[in-house]
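In what follows, a structure is listed as structure tokens, so that the remarks can point back to it.
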Amino acid sequence: MSAADPAAPLREHDIRADDLKAGQQAALEHDIQYLHARRAAFVEVSCPACGADDRDAHAVFIKRPHTYHTCARCSTIYVSPRPPAAMLGEFYAQSPNYAYWNAHVFPRSEAARRERIFRPRARRVVEIVGRHAVAPGGTLVEVGPGFGTFAEEVRALGVMDRIVVIEPTPDLAATCRSRGLEVIEAPIEQVDEATLAALGTTVVASFECIEHLFDPGAFVRSCARVLQPGGLLLLTCPSAAGFDIALLRGESDAVDHEHLNYFTPDSLGLLLEACGFDVLETITPGLLDVELVRKKVQEGRASLRGQPFLERVVMDPILGDALQSFLQAHGLSSHLWMVGRRRPSPRT
Ligand SMILES: [Zn+2]
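Take 12 as the starting number for the sequence shown in our numbering and just add one per residue.
So, in structure tokens, the structure goes:
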């Protein structure tokens, strides 16, 4: 087989991916065990979106190490009891799953992830800022930048005057610095007022972060503190109202030991409103819901037997694509984006 054969690199890539999966599975199991062994110290919480203690008794489900409840008032799915914030900090610091990802998965997959995830994400952010910002330019602060790939991509588009990332994890902060990014190495709650005022932040962006947190309300209030009045907050997270999560529940790969909060478009809106924001825009641009459900059915891990209409639509590629477009258009994909504008004086 020659190097020019397009099948060759694909096959090689598949082998590498399988290698990585095996290593990652062991690290993942370690992390689940870590949390499971500490369940006695978990803390009961009320709904992280609306604060209600009213749970739908019929909707509870368990996926090790967590128990998932559905808020009867706002339909948020949330883990309770859950690891307290300090335990989560220790958990992520020790996580072999994260270490494995950082050492093996990320370096090999960054080019593809940059192309497929981070570049389109940067373009979408620039579009959103163009639609809603009061003035061009200003400072964009990313909270939880990981390796800084999004920040690099948005910098390359040249629309914002300044890009700053807030990252408390030393290794990740160092990687961001090595890429020429301006880094504040601290938890967002601990950044002092003088530093914040000097930033003149017009946009705060945080991707796939809020679902991991013990107290999402505190995080959104911190984002309000970083922003100038009138500034934009862009958040992404999985949606409990999305097709694959609503259908597959605990069988969904998006439901894992790290994710404690699954908001809906409405319930995340409630939380933002309560923390000093007006909601400007909600979109669910996900591409994968139907494909994810189809794969689970093909693997025998989910069944649509007894629902022949749904089975036909999901399993047929053409109907499935049309269903995915419908889900995107009506807020029903599991991939949620929300845009809020900070009110002049936050109520909280
Ligand atoms: Zn609720």
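By construction, the Cβ of each residue, glycine as well, lies at the ideal position given by its N, Cα and C atoms.
- Task: Taking 8 Å as the threshold, find out whether the region 27-47 comes into contact with the region 73-87 through three or more Cβ pairs.
- Result: A contact exists between the region 27-47 and the region 73-87.
- Please classify residue 186: does DSSP put it in a helix, a strand, or coil? DSSP places residue 186 in helix when its eight states are reduced to three.
- Item | Rounded straight-line distance, which links the Cα of residue 227 to that of residue 342 | One C-alpha to the other measures close to 21 Å.
- Message: To test your reading of the DSSP string, which unbroken alpha helix (DSSP H) runs of 4 or more residues are found completely within the region 89-160?
- Response: For the region 89-160, whole alpha helix (DSSP H) runs of length 4 or above, ordered along the chain, are 96-105, 107-111, 117-124 and 130-143.
- residue 63 beta carbon near ligand 1 (any heavy atom closer than 7 Å): The answer is yes for residue 63.
- Message: Based on DSSP bridge pairs, tell me the residues matched to residue 45.
- Response: None, per the DSSP bridge assignment.
- Report the rounded CA-to-CA distance for residue 95 versus residue 51, giving the unit in angstroms. One alpha carbon belongs to residue 95, the other to residue 51, and they sit about 11 Å apart.
- Between residue 112 and the rest of its own chain, which residues show a CB-CB distance below 6 Å, the 5 nearest in sequence each way excluded? In its chain, beyond the 5 residues on either side, no residue has a beta carbon closer than 6 Å to the beta carbon of residue 112.
- Item | Top-ranked residue by Cα proximity to residue 221, from 164, 332, 323 and 283 | Closest in alpha carbon position to residue 221, among 164, 332, 323 and 283, is 283.
- Query: Does DSSP put residue 300 in a helix, in a strand, or in coil?
  - Reply: Correct three-state label for residue 300: helix.
- Query: Based on Cα-Cα distance, which residue from 116, 61 and 215 lies nearest to residue 247?
  - Reply: Checked all of 116, 61 and 215; the closest Cα to residue 247 is 215.
- Task: Go ahead and pull the three-state DSSP assignment for residue 239.
- Result: Note: residue 239 maps to strand in three-state DSSP.
- Task: Could you have a look at residue 249 and say whether DSSP puts it in helix, strand or coil?
- Result: In the displayed model, residue 249 falls within a strand according to three-state DSSP.
- Do residue 346 and residue 270 have their CB atoms nearer than 8 Å? For residue 346 and residue 270, no; Cβs fall outside 8 Å.
- Query: What are the start and end residues of the beta strand (DSSP E) that includes residue 291?
  - Reply: Looking at the DSSP string, the run of the beta strand (DSSP E) that includes residue 291 is 288-294.
- Could you tell me whether any non-hydrogen atom of ligand 1 is closer than 7 Å to the CB of residue 278? Checking every heavy atom of ligand 1 against the Cβ of residue 278, one is found closer than 7 Å.
- Task: Compare the C-alpha of residue 237 against each of 254, 257 and 202 and name the closest.
- Result: For the options 254, 257 and 202, the alpha carbon positioned closest to that of residue 237 is the one of 202.
- Query: Is the closest heavy atom of ligand 1 to the C-beta of residue 60 under 7 Å?
  - Reply: Checking every heavy atom of ligand 1 against the Cβ of residue 60, one is found closer than 7 Å.
- When the Cα of residue 243 is compared with those of 231, 252, 254 and 250, which residue comes out closest? Between residue 243 and the set 231, 252, 254 and 250, the nearest pair of CA atoms involves 231.
- Hey, residue 210 and residue 165 are a contact pair by Cβ (cut 8 Å); roughly how many whole angstroms apart? About 16 Å separates the Cβ atoms of residue 210 and residue 165, ruling out a contact at the 8 Å cut-off.
- Query: How about residue 248: is its Cβ closer than 7 Å to a heavy atom in ligand 1?
  - Reply: No, since every heavy atom of ligand 1 falls outside the 7 Å radius drawn around the Cβ of residue 248.
- Are three or more beta carbon pairs between the region 334-341 and the region 292-299 nearer than 8 Å? Result yes; three or more Cβ-Cβ pairs closer than 8 Å.
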